[in-house]
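Mapping of the sequence shown onto my numbering: residues 238 to 409, in sequence order.
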Amino acid sequence: QESSGTIDLYSESFEEFKVFGDTLDKYKVYFTGENHMYATFNTAFQVKLLKYLHQNQGVNHFIFEQSPGLSYIINKVILEDKTSHLHYLGDVFFDPFYDLVKEIRKYNDTLAYEDKIQMHGIDIERFPSFSIYALDLMVDTLNARVKGGEIFEQIKALATSENVNSIVKSLF
């Protein structure tokens, strides 16, 4: 390797990224790979690189391998500071990914709304409870008196049964 160095994941400095120089300037989309054996490193590195790209390239969208329903919940936390949803994320996430969400929220708290980083899930929905939880949040903001609004009541009932099911399962 011509240039190698150490990455200090927890430093606020971006010294290690000087190696990029101006090579990133002509791009608008950046991809990272990950080895699933190193989730703690992956998420800490993603946060650091995302902050660097945000500050130096104007990146404010993070596309990740999770469902759109889950990204809706995460965005409620990191964009709107709806911390009441952190308990749910803490229950369903592997610790390193939960830490990533908390770090992005903390970073976003220092930014104007229009500059905040948004997260976008682009994977299939493998865990329907994420979408049910997200839909339940959405229907609270909608007028049930519109044509077809009776479906909102069904979503609320489904969310309640999901919550009851998870509570019952946790007892056994």
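Ideal Cβ placement from N, Cα and C applies to all residues, glycine included.
DSSP three-state assignment for residue i, whether helix, strand or coil
i	result
I369	helix
F389	helix
G486	An answer regarding residue 486 cannot be provided, because it is not within the stretch 238 to 409 covered by the chain.
Q303	coil
R363	coil
S308	helix
K384	coil
E249	coil
V401	Low per-residue confidence applies at V401: pLDDT is 44, beneath 50, and the placement is therefore not dependable enough to give any value.
Own chain, CB closer than 7 Å to residue i, minus 5 neighbours either side, in chain order
i	result
Q292	none
Y335	L326, G327
F254	Y289
T269	Q283, L286
V376	F389, I392, K393
A349	none
N312	Q355, M356
Integer Cβ distance of residue i from residue j, believed to fall under 8 Å
i	j	result
I315	V338	7 Å
F367	S304	5 Å
P333	T277	5 Å
A281	L246	4 Å
Residue i at chain B interface by Cβ criterion, 9 Å
i	result
V284	Among the chains in the structure shown there is no chain B, since it carries only a single protein chain.
Neighbourhood of residue i by C-beta, 8 Å cutoff - its chain only, sequence neighbours within 5 removed
i	result
D318	R342, D346
E387	A381
K353	N297, I315, L316, N345
Cβ shell of residue i (< 6 Å), same chain only, five flanking positions each side left out
i	result
E271	N279
Counterpart residues of residue i in DSSP-defined beta bridges
i	result
Q283	None; Q283 has no bridge partner.
G358	F301
Self-check item: the stretch 295-311 touching the stretch 351-368, judged by at least three CB pairs closer than 8 Å
Solution: Enough Cβ pairs lie closer than 8 Å, so yes.
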